[in-house]
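**Q**
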Amino acid sequence: MKILRVRFEEGFIVVETDEECTISLPLSYFPRLNEATPEERENYRIFGDGQYVNFPDLDEDLYLPALLTGKRSRESEKSLNKWREWREKRKRSRS
Numbered sequence: 557m558k559i560l561r562v563r564f565e566e567g568f569i570v571v572e573t574d575e576e577c578t579i580s581l582p583l584s585y586f587p588r589l590n591e592a593t594p595e596e597r598e599n600y601r602i603f604g605d606g607q608y609v610n611f612p613d614l615d616e617d618l619y620l621p622a623l624l625t626g627k628r629s630r631e632s633e634k635s636l637n638k639w640r641e642w643r644e645k646r647k648r649s650r651s
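By the count of the working numbering, the sequence shown reaches residue 651 at its end, each step adding exactly one.
1. What are the boundary residues of the beta strand (DSSP E) that residue 580 is part of?
2. Going by C-alpha to C-alpha distance, which of 578, 605, 629 and 594 sits closest to residue 585?
3. Pick helix, strand or coil for residue 630, following the three-state DSSP scheme.
4. Measuring alpha carbon to alpha carbon, tell me which residue in 609, 601 and 634 is nearest residue 623.
5. Determine the direct distance from the alpha carbon of residue 592 to that of residue 645, and round the result to whole angstroms.
6. Between which two residues does the beta strand (DSSP E) carrying residue 623 extend?
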């Protein structure tokens, strides 16, 4: 099974596979995606023979087998806060 495409609908990430499987999980499972702008969410690439999806603007990777089992992010609050600081610095440097 491989990831074909990703889309976002009303608070959910929706992942479609080549085996006509659709996985829909709440964005709240993935804090970085939940806090992202629509533009940041739409900037993704599928890699690793369709097993991973990467969101480069968010420094976030999702793994297909984890998505299939409904696993949510296990990122610590400390790590998430460091990411927020990194993201803010990145935004300021681009403006």
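Positions of the beta carbon are idealized from the N, C-alpha and C atoms, including for glycine.
**A** With the given structure in hand:
1. 578 to 582
2. 629
3. coil
4. 609
5. 15 angstroms
6. Run containing residue 623: none in the beta strand (DSSP E); it sits in the alpha helix (DSSP H), 620 to 624.
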